[in-house]
Amino acid sequence: WRVVDGDRRTTIGLVYAKLEAAKKIREVSPWYTHLVLDVVEERWDQQMSRVEDVQMEQLSVFGPGTYYWNHYDSSLDLGFRFGYVLGLAYLDGLWLYLVFGFDIFWDCIWFWTELSYELEFGFDRAYLCGLPAMVLNLNLEMANLCACLSKRQKRIRAMQKKNFGVHGMDGYGVSVERTVGGVRSSWAAVLEKRDALHFPADLYLEGTDQHRGWFQSSLLTSVATKGKAPYACVITHGFVLDEKGMKMSKSLGNIVDPEVVIIGGKSQKDAPGYGADVLRLWVSSVDYTGDVMIGPQVLRQMSDIYRKLRGTLRYLLSNLHDWKPEYAVSYDDLSKIDKYALFQLENVTNVIKESYENYQFYKIFQILQRFAIVDLSNFYFDVAKDRLYVGGTESFTRRSCQTVLSAHLLTMARIIAPILPHLAEDAWQHLPFEHSTEDGYVAKFVFESKWPDSNKKWLQMAAEDIDFWRKILELRGEVNKVLEDARIGKLIGSSLEAKVYLHTADASAASRLQELCEAKNDADALHRIFITSQVEVLSSLEGETIVDIPYVGELTEEGSSRIWIGVSRADGMKCERCWNYSHKVGSFVEHPTLCERCHNVIMRLQPLGAMAGVG
């Protein structure tokens, strides 16, 4: 576009092409709006009016300060243009000429001839900064031309004062020379110059200020020369502030140096080194579409969370030291609690994959944190300790649990790898077994293992079973509260010294609770889930039994449904090996201090049974 004597010459085709290209761009931006499209739709006149000429062979752009000559002489329409040459790049066989500065009629035509020759054949990229001219990477002819322009400054300025020219304000913007021919030449000088890359780019990443800058200029120049946008997706991020929400500044002394975060400062006590993974974990924890805060306290919190994730992987590795893939128990033979654990794992994996695809890293952080701390450490790992440590080495319950743990280890190492590559690789290098991909390739490194395969069967739990296990988790939380009251009241020390009573008026719920109390698979037994010695489901809250229960609580569900909870001392004597209380302790001549389960385990270890009587 160019304004001459009030007339506007437009290139409508480029406007619509740019608009259509913008509609196809996927954008992850603040406020969840399509800002690139907004710039094209709402501010296209302002932006497009800065472009003087749009042609297939060249794009001549004039910046603020351009002088258009009045039509005192028709020869001025020849349009010989000289000025400050800021950048150009070779685009798919077409030259994109970017020229800013004065539009003057020059009586020395040979200079224009020499300039055209140099632009088309002489060099690939050039910069000229100001008058008097400083020429970089130009040959002698270009230098002579610039020197001539320098000598004619007085004449040019004198003509300006006489109002010989009209001051024009059309300009493209400072990002164009960077977009195409300079340090930000992402698509012209990078994507098309490197074999490993492709056009268009998968993603452009920049701050909110670049919607009318780099995003805009890249889109315009690419549509003008290539007919499509140079990127498939745009991510907009905010800016980093200190812990108080203030802009970082050297004068304020609140700058956080990434190098200091990684390796530490001069004083390791005041500025400890957290490593690259902790810094990457912080990046994943924040919603980058807005401004984010960082500081010593934030980093300490990230370090604590990192240690918990690392502890999760250590637990998995330590309990798989004797594991081999051929020991795996088939899904159909797994206990209900194991199936529910795999259901949670597959569900988390799918949500995290979707979050990666949508660049929602803060969701991944939140999901991982909750999964590792709440679902695994506080529940499954806690419950699994009994069958991992007390059950026999080759026992079905232990192998069943290890089957689930191995699936968690292989999956977690891979889903955290994009964010915590060092931690993931560290865990992978300590795998006690080899992991092979579907094509039989042994993955020696975590990034060779590919994304975890989808296991749709793990998601096929009945909806009522899923709801039931969620209620069991809620019930477990309330039971723990009553157990804590009993512990504070000195009734019990360990939770294994307790017996839990349950009652509900809901016949269906009572029946399912009773099934877990009598579960054939020991892993599903309700007292294993509560980590107590016994659990009894009461049919009524009347009778002498209730009088002997000193600590009570209640789980209130939706509507009028509720589950009454009571806690008393466990019945029987303490097993010396597993610490559970049982009436069976003292019933076995060979091992009078063991419960029935531990006695059977020890007897299977004969002839070493006598030496292993006390674990």
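First residue of the sequence shown? That's 1 in UniProt numbering, and the numbers climb one at a time after it. Every residue, glycine too, gets a C-beta built ideally from N, C-alpha and C.
Residue i to residue j, Cα distance in whole Å?
i, j, result
"residue 421", "residue 584", "50 Å"
"residue 564", "residue 537", "10 Å"
"residue 386", "residue 316", "15 Å"
"residue 334", "residue 512", "18 Å"
"residue 187", "residue 364", "30 Å"
"residue 303", "residue 278", "6 Å"
"residue 329", "residue 403", "6 Å"
"residue 417", "residue 362", "15 Å"
"residue 578", "residue 474", "26 Å"
"residue 510", "residue 540", "11 Å"
"residue 588", "residue 338", "32 Å"
"residue 368", "residue 253", "34 Å"
"residue 471", "residue 508", "13 Å"
"residue 542", "residue 464", "31 Å"
"residue 23", "residue 235", "15 Å"
"residue 313", "residue 409", "7 Å"
"residue 331", "residue 340", "11 Å"
"residue 381", "residue 232", "43 Å"
"residue 195", "residue 205", "21 Å"
"residue 20", "residue 325", "53 Å"
"residue 336", "residue 248", "53 Å"
"residue 357", "residue 351", "10 Å"
"residue 389", "residue 192", "59 Å"
"residue 603", "residue 573", "20 Å"
"residue 246", "residue 299", "17 Å"
"residue 561", "residue 527", "22 Å"
"residue 269", "residue 493", "38 Å"
"residue 41", "residue 287", "27 Å"
"residue 265", "residue 276", "14 Å"
"residue 557", "residue 489", "27 Å"
"residue 203", "residue 445", "26 Å"
"residue 468", "residue 521", "17 Å"
Beta-carbon within less than 6 Å of residue i's beta-carbon, same chain only, minus the 5 sequence neighbours each way: which residues are those?
i, result
"residue 263", "273"
"residue 17", "223"
"residue 256", "294"
"residue 487", "none"
"residue 65", "Because the pLDDT of residue 65 is 35, which lies under 50, any placement of that residue in the model is unreliable, and the number read from its coordinates should be weighed accordingly. So the list is empty, once near-sequence residues are dropped."
Which term fits residue i, buried or exposed, when burial requires 16 or more other beta carbons within 10 angstroms of its beta carbon?
i, result
"residue 82", "Here residue 82 scores only 32 on pLDDT, less than 50, and its place in the model should not be relied on; the value that follows carries that caveat. Counting Cβ neighbours within 10 Å, residue 82 comes out buried, since at least 16 surround it."
"residue 124", "Note that residue 124 has pLDDT 30, beneath the 50 cutoff, so the model's placement of it is unreliable and no number is given."
"residue 229", "buried"
"residue 601", "buried"
"residue 427", "buried"
"residue 289", "buried"
"residue 495", "buried"
"residue 599", "buried"
"residue 306", "buried"
"residue 479", "buried"
"residue 592", "exposed"
"residue 429", "exposed"
"residue 524", "buried"
"residue 216", "buried"
"residue 190", "exposed"
"residue 437", "exposed"
"residue 258", "exposed"
"residue 567", "buried"
Report yes if the C-beta distance between residue i and residue j is below 9 Å; otherwise report no.
i, j, result
"residue 616", "residue 466", "Residue 616 lies beyond the range of the chain shown here (1 to 615); nothing can be said about it."
"residue 377", "residue 308", "yes"
"residue 529", "residue 374", "no"
"residue 497", "residue 581", "yes"
"residue 571", "residue 533", "yes"
"residue 219", "residue 36", "yes"
"residue 415", "residue 349", "yes"
Report, in whole angstroms, the separation of the C-beta atoms of residue i and residue j, which I expect to be a contact under 8 Å.
i, j, result
"residue 399", "residue 327", "5 Å"
"residue 323", "residue 452", "Wrong, their Cβ atoms sit about 18 Å apart, outside the cutoff."
"residue 241", "residue 291", "5 Å"
"residue 553", "residue 500", "Their Cβ separation, rounded to whole angstroms, is 10 Å, which puts residue 553 and residue 500 out of contact at 8 Å."
"residue 310", "residue 423", "6 Å"
"residue 502", "residue 535", "7 Å"
"residue 211", "residue 39", "5 Å"
To which residues of the same chain is residue i closer than 7 Å at the C-beta, ignoring the five residues directly before and after it?
i, result
"residue 407", "342, 345"
"residue 297", "243"
"residue 595", "575, 578, 580, 582, 584, 585"
"residue 372", "308, 309, 312"
"residue 411", "345, 349, 452"
"residue 692", "Outside the shown range of the chain (1 to 615) lies residue 692, about which nothing can therefore be said."
Checking contacts by CB at 9 Å: is residue i closer than that to chain C?
i, result
"residue 400", "Absent from the structure: chain C. Only one protein chain is present."
For residue i, verify whether its CB is less than 8 Å away from any heavy atom of the ligand HEM.
i, result
"residue 364", "In terms of ligand content, the structure shown is empty, and the ligand HEM therefore cannot be addressed."
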